[in-house]
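Residue numbers (our numbering): 76 to 188. Glycine included, each C-beta is placed from N, C-alpha and C at the ideal position.
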């Protein structure tokens with residue numbers, strides 16, 4: 076806590092910043108295209124479509140620390156039950172389009188405690 080300001084462990088971003096990022100990079104439309112075609116009453120379709128959206132986070136040596144196949148995934152900075160050290164990490168968001176081509180968006184996040 077810094078003078079009454081509680082800063083949570085792990086990397087956090089506001090939902091507003093996250094959705095701004097999705098919109099500005101064009102990922103939002105690609106995700107909507109995939110999600111709009113999901114038949115929520117068909118388990119096999121749900122399983123297939125969940126593999127078409129991925130969020131990955133790596134450390135500086137390329138080790139995979141976090142993986143999610145959910146639209147609103149959030150990494151809490153934990154890897155194998157332990158909080159990661161303050162550092163810069165790499166994220167990769169992958170989305171498959173209607174033509175079954177993968178699009179990757181790679182960037183950096185800073186983990187603060």
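Handout entry: Where residue 153 sits in the DSSP three-state scheme
Key = strand
Handout entry: Outcome for residue 276 when other beta-carbon atoms lying within 10 angstroms are tallied against a minimum of 16
Key = Because the chain here runs from 76 to 188, residue 276 falls outside it and cannot be looked at.
Problem - For residue 132, the three-state DSSP class (helix, strand or coil) - result: strand
Practice task
With DSSP collapsed to three states, give me the class of residue 167.
Solution key: strand
Problem - residue 113: first and last residue of the uninterrupted beta strand (DSSP E) it sits in - result: Segment: none, residue 113 is in no beta strand (DSSP E) and carries neither H nor E.
Problem - Residues near residue 143 in its chain [Cβ-Cβ closer than 6 Å; skip 5 each side] - result: 130
Practice task
State the beta-bridge partners of residue 185 as determined by DSSP.
Solution key: 163
Problem - Local Cβ density within 10 Å of residue 139, reported as buried at 16 or more and exposed below that - result: exposed
Exercise for the section: Starting from the Cα of residue 134, find the closest Cα among 149, 161 and 99 and give me that residue. Expected result: 161
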